Amino acid sequence: MEAWTAGRVFDGERVLPAGSAVVVDGGHIVAVLAPGGRPPDGAVLVDHPDATLLPGLVETHAHLCCDSGPGALDRIPEAADEELPAVIDASLRAQLAAGITTVRDLGDRRFAVVEWRDAHGADASFPRVLASGPPITTPGGHCANMGGEATGAGALRAAVQERADRRVDVVKVMASGGVGTPGSDAARPQFPVEDLRVVVDEAHRLGLAVTAHAHSVGSVRDAIDAGVDSIEHASFVTESGFAPEPSAVTDLARRRIPVCPTLGIVPGVTPPPAVLELMRRTGMTPESRAAMFAELHHAGVLLVSGSDAGISPGKRHGVQPEALVQLAHAGVPVVDVLASATSRAADALGVGDRTGRLRPGLDADLLVVRGDPIADVTRLCDVLAVVARGRRAV
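Going letter by letter, the sequence shown gives residues 102 to 495 in the numbering used here.
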(Lines of atoms letter the chains of each structure in order from A and count residues from 1; the text may use other names and numbers.)
(Lines give C-alpha, C1' and ligand atoms only; values in the text may rest on other atoms or scores of the structure.)
Protein backbone atom coordinates (compact mmCIF):
# COMPACT_ATOMS: atom_id res chain seq x y z
CA MET A 1 0.00 0.00 0.00
CA GLU A 2 1.24 3.48 -0.91
CA ALA A 3 0.13 7.03 -0.10
CA TRP A 4 0.99 9.43 -2.93
CA THR A 5 1.31 13.13 -2.19
CA ALA A 6 2.60 16.10 -4.16
CA GLY A 7 2.80 19.86 -3.99
CA ARG A 8 -0.43 20.01 -6.00
CA VAL A 9 -3.10 17.41 -6.80
CA PHE A 10 -5.55 17.60 -9.72
CA ASP A 11 -8.20 14.89 -9.40
CA GLY A 12 -9.44 14.94 -13.01
CA GLU A 13 -11.99 17.67 -12.42
CA ARG A 14 -10.53 20.16 -9.96
CA VAL A 15 -7.44 21.08 -8.00
CA LEU A 16 -7.60 19.57 -4.52
CA PRO A 17 -6.50 21.43 -1.38
CA ALA A 18 -2.77 21.37 -0.71
CA GLY A 19 -1.79 18.37 1.37
CA SER A 20 -4.26 15.92 -0.19
CA ALA A 21 -3.06 12.34 -0.63
CA VAL A 22 -4.06 9.39 -2.81
CA VAL A 23 -3.86 5.93 -1.25
CA VAL A 24 -3.21 3.03 -3.61
CA ASP A 25 -3.48 -0.67 -2.88
CA GLY A 26 -3.72 -3.72 -5.14
CA GLY A 27 -3.90 -1.74 -8.36
CA HIS A 28 -6.74 0.51 -7.21
CA ILE A 29 -7.24 3.83 -5.48
CA VAL A 30 -8.66 3.03 -2.06
CA ALA A 31 -8.84 6.53 -0.57
CA VAL A 32 -8.30 10.20 -1.30
CA LEU A 33 -7.30 11.91 1.94
CA ALA A 34 -8.01 15.53 2.77
CA PRO A 35 -5.15 17.64 4.12
CA GLY A 36 -4.11 16.32 7.51
CA GLY A 37 -5.68 12.93 6.84
CA ARG A 38 -3.67 10.01 8.21
CA PRO A 39 -2.65 7.27 5.75
CA PRO A 40 -3.41 3.69 6.80
CA ASP A 41 -0.84 2.02 9.01
CA GLY A 42 1.92 0.48 6.94
CA ALA A 43 1.33 2.65 3.89
CA VAL A 44 4.56 3.72 2.16
CA LEU A 45 4.69 7.47 1.60
CA VAL A 46 5.54 8.54 -1.96
CA ASP A 47 5.99 12.30 -1.82
CA HIS A 48 6.82 14.72 -4.63
CA PRO A 49 6.70 18.13 -2.93
CA ASP A 50 7.76 20.15 -5.98
CA ALA A 51 5.48 18.37 -8.45
CA THR A 52 1.85 17.81 -9.41
CA LEU A 53 -0.09 14.55 -9.12
CA LEU A 54 -2.95 13.91 -11.56
CA PRO A 55 -4.69 10.97 -13.21
CA GLY A 56 -2.88 9.18 -16.02
CA LEU A 57 -3.71 10.78 -19.35
CA VAL A 58 -6.28 9.32 -21.75
CA GLU A 59 -5.20 9.47 -25.41
CA THR A 60 -8.45 9.33 -27.37
CA HIS A 61 -7.01 9.04 -30.91
CA ALA A 62 -3.91 7.03 -31.83
CA HIS A 63 -2.72 4.59 -34.47
CA LEU A 64 -0.63 1.94 -32.75
CA CYS A 65 0.22 0.06 -35.96
CA CYS A 66 2.02 3.19 -37.16
CA ASP A 67 5.63 3.64 -36.07
CA SER A 68 5.79 7.47 -36.11
CA GLY A 69 8.15 7.37 -39.09
CA PRO A 70 7.77 9.17 -42.42
CA GLY A 71 4.78 7.86 -44.37
CA ALA A 72 3.69 5.63 -41.49
CA LEU A 73 0.07 5.43 -42.66
CA ASP A 74 1.11 4.62 -46.22
CA ARG A 75 3.43 1.85 -45.04
CA ILE A 76 0.80 -0.04 -43.06
CA PRO A 77 0.21 -2.64 -45.82
CA GLU A 78 3.96 -3.33 -46.08
CA ALA A 79 4.41 -4.70 -42.57
CA ALA A 80 4.22 -8.46 -42.19
CA ASP A 81 1.57 -9.67 -39.76
CA GLU A 82 4.22 -11.02 -37.42
CA GLU A 83 5.92 -7.60 -37.27
CA LEU A 84 2.92 -5.63 -36.06
CA PRO A 85 2.87 -6.80 -32.39
CA ALA A 86 6.38 -5.39 -31.91
CA VAL A 87 5.32 -2.08 -33.47
CA ILE A 88 2.28 -1.96 -31.19
CA ASP A 89 4.43 -2.76 -28.14
CA ALA A 90 6.88 0.03 -28.96
CA SER A 91 4.06 2.50 -29.62
CA LEU A 92 2.46 1.76 -26.27
CA ARG A 93 5.72 2.03 -24.35
CA ALA A 94 6.27 5.48 -25.85
CA GLN A 95 2.74 6.47 -24.85
CA LEU A 96 3.27 5.25 -21.28
CA ALA A 97 6.56 7.12 -20.93
CA ALA A 98 4.64 10.34 -21.69
CA GLY A 99 2.17 9.70 -18.86
CA ILE A 100 -0.59 8.17 -20.98
CA THR A 101 -2.23 5.21 -19.25
CA THR A 102 -5.20 4.69 -21.60
CA VAL A 103 -4.96 4.67 -25.40
CA ARG A 104 -7.82 4.40 -27.87
CA ASP A 105 -6.66 3.12 -31.24
CA LEU A 106 -8.83 4.45 -34.07
CA GLY A 107 -7.49 2.59 -37.07
CA ASP A 108 -5.40 -0.54 -37.22
CA ARG A 109 -4.65 -2.95 -40.04
CA ARG A 110 -7.08 -5.85 -40.24
CA PHE A 111 -7.80 -5.87 -36.48
CA ALA A 112 -4.15 -6.16 -35.39
CA VAL A 113 -4.65 -3.91 -32.35
CA VAL A 114 -7.90 -5.65 -31.43
CA GLU A 115 -6.02 -8.96 -31.42
CA TRP A 116 -3.18 -7.41 -29.40
CA ARG A 117 -5.71 -6.12 -26.87
CA ASP A 118 -7.25 -9.57 -26.52
CA ALA A 119 -3.85 -11.20 -26.02
CA HIS A 120 -2.12 -8.61 -23.82
CA GLY A 121 -4.76 -6.22 -22.50
CA ALA A 122 -4.42 -7.40 -18.90
CA ASP A 123 -0.70 -6.59 -18.80
CA ALA A 124 -0.31 -3.45 -16.68
CA SER A 125 3.17 -2.86 -18.07
CA PHE A 126 1.30 -1.29 -21.02
CA PRO A 127 -1.45 1.33 -21.11
CA ARG A 128 -5.04 0.18 -21.18
CA VAL A 129 -6.01 -0.29 -24.84
CA LEU A 130 -9.36 0.39 -26.53
CA ALA A 131 -9.61 -0.44 -30.21
CA SER A 132 -11.86 0.14 -33.22
CA GLY A 133 -10.25 -2.14 -35.80
CA PRO A 134 -10.02 -0.80 -39.36
CA PRO A 135 -12.15 2.30 -39.94
CA ILE A 136 -15.14 1.77 -42.19
CA THR A 137 -14.40 3.68 -45.38
CA THR A 138 -15.48 3.87 -49.01
CA PRO A 139 -13.72 1.76 -51.67
CA GLY A 140 -10.38 3.49 -52.23
CA GLY A 141 -11.31 6.05 -49.55
CA HIS A 142 -9.23 7.47 -46.75
CA CYS A 143 -7.25 4.71 -44.99
CA ALA A 144 -8.66 2.01 -47.27
CA ASN A 145 -5.26 0.33 -46.92
CA MET A 146 -6.27 -0.71 -43.40
CA GLY A 147 -8.89 -3.10 -44.77
CA GLY A 148 -12.21 -1.48 -43.89
CA GLU A 149 -13.77 -0.75 -47.29
CA ALA A 150 -17.55 -1.15 -47.57
CA THR A 151 -20.29 0.21 -49.80
CA GLY A 152 -24.05 -0.20 -49.68
CA ALA A 153 -26.34 -0.76 -46.72
CA GLY A 154 -25.84 -4.53 -46.60
CA ALA A 155 -22.05 -4.32 -46.63
CA LEU A 156 -22.07 -1.55 -44.04
CA ARG A 157 -24.23 -3.60 -41.69
CA ALA A 158 -21.95 -6.58 -42.20
CA ALA A 159 -18.91 -4.42 -41.42
CA VAL A 160 -20.45 -3.30 -38.16
CA GLN A 161 -21.44 -6.86 -37.31
CA GLU A 162 -17.88 -8.04 -37.89
CA ARG A 163 -16.63 -5.43 -35.45
CA ALA A 164 -19.21 -6.45 -32.88
CA ASP A 165 -18.17 -10.09 -33.30
CA ARG A 166 -14.57 -9.08 -32.64
CA ARG A 167 -15.66 -7.07 -29.59
CA VAL A 168 -14.29 -3.73 -30.69
CA ASP A 169 -14.68 -0.87 -28.22
CA VAL A 170 -15.99 1.60 -30.78
CA VAL A 171 -16.86 1.72 -34.49
CA LYS A 172 -15.03 4.33 -36.54
CA VAL A 173 -16.40 5.57 -39.85
CA MET A 174 -14.74 7.91 -42.32
CA ALA A 175 -17.42 10.54 -42.94
CA SER A 176 -15.00 12.68 -44.95
CA GLY A 177 -11.86 12.14 -46.91
CA GLY A 178 -8.52 12.69 -45.27
CA VAL A 179 -5.00 13.90 -45.75
CA GLY A 180 -2.41 11.66 -47.35
CA THR A 181 -4.58 9.07 -49.11
CA PRO A 182 -4.31 9.57 -52.91
CA GLY A 183 -7.69 10.49 -54.38
CA SER A 184 -9.14 11.34 -50.97
CA ASP A 185 -10.13 14.93 -50.19
CA ALA A 186 -10.50 16.17 -46.63
CA ALA A 187 -12.82 18.93 -47.88
CA ARG A 188 -15.43 16.46 -49.19
CA PRO A 189 -17.76 13.94 -47.56
CA GLN A 190 -17.19 10.25 -48.38
CA PHE A 191 -20.49 8.63 -47.38
CA PRO A 192 -23.96 10.07 -47.92
CA VAL A 193 -25.73 10.77 -44.64
CA GLU A 194 -28.06 7.82 -45.28
CA ASP A 195 -25.08 5.44 -45.19
CA LEU A 196 -23.79 7.02 -42.00
CA ARG A 197 -27.22 6.41 -40.45
CA VAL A 198 -26.99 2.74 -41.41
CA VAL A 199 -23.65 2.46 -39.60
CA VAL A 200 -24.89 4.31 -36.52
CA ASP A 201 -28.21 2.45 -36.30
CA GLU A 202 -26.58 -0.96 -36.67
CA ALA A 203 -23.82 -0.13 -34.18
CA HIS A 204 -26.30 1.15 -31.62
CA ARG A 205 -28.45 -1.94 -32.12
CA LEU A 206 -25.39 -4.01 -31.24
CA GLY A 207 -24.46 -1.86 -28.26
CA LEU A 208 -21.52 -0.04 -29.86
CA ALA A 209 -20.71 3.65 -30.05
CA VAL A 210 -19.68 5.30 -33.32
CA THR A 211 -17.05 7.97 -33.84
CA ALA A 212 -16.77 9.76 -37.17
CA HIS A 213 -13.65 11.06 -38.87
CA ALA A 214 -14.93 14.36 -40.25
CA HIS A 215 -12.76 17.16 -41.61
CA SER A 216 -15.16 18.92 -43.97
CA VAL A 217 -18.02 21.20 -43.02
CA GLY A 218 -20.53 18.92 -44.75
CA SER A 219 -19.23 15.75 -43.12
CA VAL A 220 -19.44 17.28 -39.63
CA ARG A 221 -23.05 18.23 -40.35
CA ASP A 222 -23.78 14.74 -41.71
CA ALA A 223 -22.17 13.04 -38.71
CA ILE A 224 -24.31 15.05 -36.32
CA ASP A 225 -27.47 14.33 -38.32
CA ALA A 226 -26.65 10.62 -38.45
CA GLY A 227 -26.44 10.47 -34.65
CA VAL A 228 -22.78 9.61 -34.12
CA ASP A 229 -21.51 9.51 -30.55
CA SER A 230 -18.34 11.55 -31.13
CA ILE A 231 -16.40 13.31 -33.88
CA GLU A 232 -12.68 13.22 -34.72
CA HIS A 233 -10.87 16.25 -36.20
CA ALA A 234 -13.93 18.47 -36.89
CA SER A 235 -11.73 20.81 -38.92
CA PHE A 236 -14.66 22.46 -40.77
CA VAL A 237 -12.62 22.72 -43.96
CA THR A 238 -13.99 23.76 -47.34
CA GLU A 239 -12.34 23.75 -50.75
CA SER A 240 -10.53 26.99 -49.98
CA GLY A 241 -10.80 27.73 -46.27
CA PHE A 242 -12.11 26.64 -42.90
CA ALA A 243 -14.71 28.01 -40.52
CA PRO A 244 -17.15 26.42 -38.07
CA GLU A 245 -20.72 26.22 -39.33
CA PRO A 246 -22.84 27.97 -36.65
CA SER A 247 -25.75 25.52 -36.56
CA ALA A 248 -23.34 22.59 -36.31
CA VAL A 249 -21.56 24.24 -33.38
CA THR A 250 -24.91 24.84 -31.70
CA ASP A 251 -25.89 21.18 -32.14
CA LEU A 252 -22.51 19.89 -30.95
CA ALA A 253 -22.82 21.97 -27.80
CA ARG A 254 -26.48 21.20 -27.18
CA ARG A 255 -26.09 17.46 -27.67
CA ARG A 256 -22.76 17.33 -25.78
CA ILE A 257 -21.14 15.36 -28.61
CA PRO A 258 -17.46 14.91 -27.72
CA VAL A 259 -15.08 16.38 -30.29
CA CYS A 260 -11.42 15.38 -30.53
CA PRO A 261 -9.40 18.16 -32.22
CA THR A 262 -6.34 15.90 -32.79
CA LEU A 263 -4.01 18.76 -31.98
CA GLY A 264 -0.38 18.28 -30.97
CA ILE A 265 2.82 18.20 -32.96
CA VAL A 266 6.43 17.62 -31.99
CA PRO A 267 8.06 21.07 -31.82
CA GLY A 268 10.29 21.87 -34.77
CA VAL A 269 9.06 19.06 -37.04
CA THR A 270 7.78 20.04 -40.48
CA PRO A 271 4.39 18.52 -41.37
CA PRO A 272 4.20 16.02 -44.27
CA PRO A 273 3.70 17.46 -47.80
CA ALA A 274 0.01 16.55 -47.92
CA VAL A 275 -0.64 18.45 -44.70
CA LEU A 276 1.34 21.44 -45.96
CA GLU A 277 -0.77 21.45 -49.12
CA LEU A 278 -4.00 21.43 -47.09
CA MET A 279 -2.64 24.31 -45.02
CA ARG A 280 -1.79 26.25 -48.18
CA ARG A 281 -5.19 25.59 -49.72
CA THR A 282 -7.27 26.46 -46.67
CA GLY A 283 -5.08 28.92 -44.78
CA MET A 284 -5.30 26.69 -41.73
CA THR A 285 -2.23 26.64 -39.48
CA PRO A 286 -1.67 24.71 -36.24
CA GLU A 287 -2.20 27.96 -34.34
CA SER A 288 -5.36 29.02 -36.17
CA ARG A 289 -6.80 25.53 -35.85
CA ALA A 290 -6.16 25.51 -32.10
CA ALA A 291 -7.75 28.96 -31.85
CA MET A 292 -10.85 27.61 -33.59
CA PHE A 293 -11.18 24.86 -30.99
CA ALA A 294 -10.77 27.38 -28.19
CA GLU A 295 -13.75 29.21 -29.74
CA LEU A 296 -15.71 25.95 -29.85
CA HIS A 297 -14.90 25.32 -26.19
CA HIS A 298 -16.15 28.76 -25.23
CA ALA A 299 -19.30 28.04 -27.26
CA GLY A 300 -19.96 25.01 -25.06
CA VAL A 301 -18.59 22.20 -27.25
CA LEU A 302 -17.21 19.27 -25.26
CA LEU A 303 -13.55 18.77 -26.22
CA VAL A 304 -11.60 15.60 -25.49
CA SER A 305 -7.91 15.31 -26.23
CA GLY A 306 -6.24 13.01 -28.70
CA SER A 307 -3.36 13.57 -31.06
CA ASP A 308 -3.58 11.18 -34.06
CA ALA A 309 -0.36 9.72 -32.69
CA GLY A 310 1.86 7.50 -34.78
CA ILE A 311 1.09 8.71 -38.28
CA SER A 312 4.23 10.82 -38.86
CA PRO A 313 7.39 12.09 -37.12
CA GLY A 314 5.52 15.18 -35.94
CA LYS A 315 2.80 12.94 -34.52
CA ARG A 316 5.01 10.52 -32.64
CA HIS A 317 3.51 8.34 -29.95
CA GLY A 318 3.41 10.22 -26.67
CA VAL A 319 2.84 13.63 -28.27
CA GLN A 320 -0.49 14.19 -26.47
CA PRO A 321 0.97 16.59 -23.85
CA GLU A 322 1.89 18.89 -26.73
CA ALA A 323 -1.78 18.83 -27.79
CA LEU A 324 -2.72 20.01 -24.31
CA VAL A 325 -0.10 22.74 -24.40
CA GLN A 326 -1.43 23.92 -27.76
CA LEU A 327 -5.03 24.00 -26.53
CA ALA A 328 -4.09 25.96 -23.40
CA HIS A 329 -2.00 28.45 -25.34
CA ALA A 330 -5.01 29.02 -27.62
CA GLY A 331 -7.07 30.20 -24.65
CA VAL A 332 -8.78 27.18 -23.08
CA PRO A 333 -8.48 27.33 -19.26
CA VAL A 334 -5.85 24.85 -18.08
CA VAL A 335 -8.23 23.04 -15.72
CA ASP A 336 -10.51 22.35 -18.69
CA VAL A 337 -7.51 21.29 -20.77
CA LEU A 338 -6.48 18.78 -18.10
CA ALA A 339 -10.05 17.49 -17.80
CA SER A 340 -10.14 17.00 -21.58
CA ALA A 341 -7.38 14.41 -21.22
CA THR A 342 -8.56 12.82 -17.99
CA SER A 343 -12.14 12.76 -16.68
CA ARG A 344 -13.91 14.02 -19.81
CA ALA A 345 -11.88 11.80 -22.10
CA ALA A 346 -12.50 8.74 -19.92
CA ASP A 347 -16.25 9.44 -19.83
CA ALA A 348 -16.37 9.93 -23.61
CA LEU A 349 -14.61 6.59 -24.15
CA GLY A 350 -16.92 4.76 -21.74
CA VAL A 351 -14.22 4.02 -19.16
CA GLY A 352 -15.01 6.72 -16.61
CA ASP A 353 -15.89 3.98 -14.14
CA ARG A 354 -12.30 2.72 -14.35
CA THR A 355 -9.99 5.68 -14.91
CA GLY A 356 -9.70 9.41 -15.57
CA ARG A 357 -10.13 10.56 -11.95
CA LEU A 358 -8.45 10.20 -8.61
CA ARG A 359 -11.39 8.48 -6.93
CA PRO A 360 -11.70 5.51 -4.55
CA GLY A 361 -12.54 2.35 -6.46
CA LEU A 362 -10.96 3.42 -9.75
CA ASP A 363 -7.78 1.95 -11.17
CA ALA A 364 -4.55 3.44 -9.87
CA ASP A 365 -3.58 5.33 -13.03
CA LEU A 366 -1.34 8.15 -11.84
CA LEU A 367 0.92 10.76 -13.39
CA VAL A 368 3.40 13.00 -11.61
CA VAL A 369 4.91 15.95 -13.49
CA ARG A 370 7.55 18.37 -12.27
CA GLY A 371 6.33 21.80 -11.21
CA ASP A 372 2.84 23.23 -11.63
CA PRO A 373 1.09 22.69 -15.00
CA ILE A 374 -1.77 24.95 -13.90
CA ALA A 375 0.66 27.85 -13.90
CA ASP A 376 2.85 26.56 -16.75
CA VAL A 377 1.11 23.98 -18.92
CA THR A 378 4.39 22.95 -20.56
CA ARG A 379 5.23 21.16 -17.30
CA LEU A 380 3.01 18.33 -18.57
CA CYS A 381 5.95 17.35 -20.77
CA ASP A 382 8.25 16.88 -17.75
CA VAL A 383 7.24 13.47 -16.41
CA LEU A 384 8.54 12.28 -13.05
CA ALA A 385 6.45 9.16 -12.44
CA VAL A 386 3.75 7.08 -14.14
CA VAL A 387 1.62 4.36 -12.54
CA ALA A 388 -0.62 2.18 -14.72
CA ARG A 389 -3.26 0.11 -12.91
CA GLY A 390 -1.10 0.19 -9.79
CA ARG A 391 2.15 -0.74 -11.49
CA ARG A 392 4.99 1.78 -11.48
CA ALA A 393 6.04 2.30 -15.10
CA VAL A 394 8.27 5.38 -14.87
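Idealized CB from N, CA, C, for every residue including glycine. Since the structure is predicted, the reported quantities are computational estimates derived from the model, not experimental observations.
Start and end of the alpha helix (DSSP H) containing residue i?
i, result
"S320", "318 to 327"
"R194", "185 to 198"
"A354", "347 to 356"
"L425", "421 to 430"
"A220", "213 to 221"
"R229", "Run containing R229: none in the alpha helix (DSSP H); it sits in the beta strand (DSSP E), 229 to 232."
"L450", "No alpha helix (DSSP H) contains L450, which DSSP labels as neither H nor E."
"T441", "Rather than Thr, the amino acid found at residue 441 in this sequence is Ser. That run of the alpha helix (DSSP H) goes 435 to 441."
Can you look up residue i in the DSSP assignment and give me helix, strand or coil?
i, result
"L154", "strand"
"C482", "helix"
"E340", "coil"
"L459", "coil"
"G472", "coil"
"P283", "coil"
"V402", "coil"
"A251", "coil"
"P290", "strand"
"R493", "strand"
"D302", "helix"
"L146", "strand"
"D296", "helix"
"D168", "coil"
"E114", "coil"
"I237", "strand"
If you count every other CB in all the chains shown that lies within 10 Å of the CB of residue i, and 16 or more means buried, which is it?
i, result
"E184", "exposed"
"R210", "buried"
"E378", "exposed"
"P347", "exposed"
"T371", "exposed"
"E295", "exposed"
"L146", "exposed"
"R115", "exposed"
"A442", "buried"
"S277", "buried"
"S341", "exposed"
"D502", "It is not possible to answer for residue 502, since the shown part of the chain is limited to 102 through 495."
"G253", "exposed"
"E250", "buried"
"P422", "buried"
So the candidates are the options; which of them puts its Cα closest to the Cα of residue i?
i, options, result
"R268", "G284, A245, H243, A232", "A232"
"P362", "R480, A195, P345", "P345"
"G120", "A440, H129, L134", "L134"
"E333", "P118, A440, L403", "L403"
"S192", "A181, D206, E179, D182", "D206"
"G279", "R356, A245, T456", "A245"
"G411", "R355, S277, G170", "G170"
"V376", "G419, C167, L197, S336", "S336"
"A354", "D473, S277, H399, P290", "H399"
"P141", "I130, G253, T239", "I130"
"R229", "L165, T239, R176, P283", "L165"
"P236", "L439, R493, D302, D270", "D270"
"F343", "I358, D330, V321", "V321"
"D126", "P186, G143, V311", "G143"
"T282", "A324, L463, M247", "M247"
"A327", "H418, T252, P374, D352", "D352"
"V420", "D483, G284, P186", "D483"
"F227", "Q262, L117, A198", "A198"
"V159", "D466, D175, V338", "D466"
"K273", "V301, A259, D266", "V301"
"T339", "V495, E303, T383, V299", "T383"
Using a threshold of 9 angstroms, state whether the C-beta atoms of residue i and residue j are closer than that.
i, j, result
"T203", "V452", "yes"
"A220", "G128", "no"
"V426", "L485", "no"
"S413", "A173", "yes"
"L155", "L459", "yes"
"T238", "G472", "no"
"G108", "G157", "no"
"A395", "A431", "yes"
"P359", "A449", "yes"
"V329", "L307", "no"
"G462", "R445", "no"
"A313", "S285", "no"
"V433", "P474", "no"
"H243", "Q196", "no"
"G234", "V215", "yes"
Would the beta-carbon of residue i be found less than 8 angstroms away from any heavy atom of the ligand FAD?
i, result
"L165", "In the structure shown, the ligand FAD is absent, as is every other ligand, since no ligand is present at all."
For residue i and chain B, any beta-carbon pair shorter than 9 angstroms?
i, result
"D473", "Annotation note: the requested chain B is absent from the structure, which comprises a single protein chain."
Starting from residue i, trace the beta strand (DSSP E) in both directions and tell me its first and last residue.
i, result
"V131", "129 to 134"
"G108", "103 to 110"
"T383", "Careful: T383 lies outside any beta strand (DSSP E), inside the alpha helix (DSSP H) at 374 to 383."
"R205", "201 to 206"
"V125", "122 to 126"
"V513", "Look at the range of the chain in this structure, 102 to 495, and you will see that residue 513 is not part of it."
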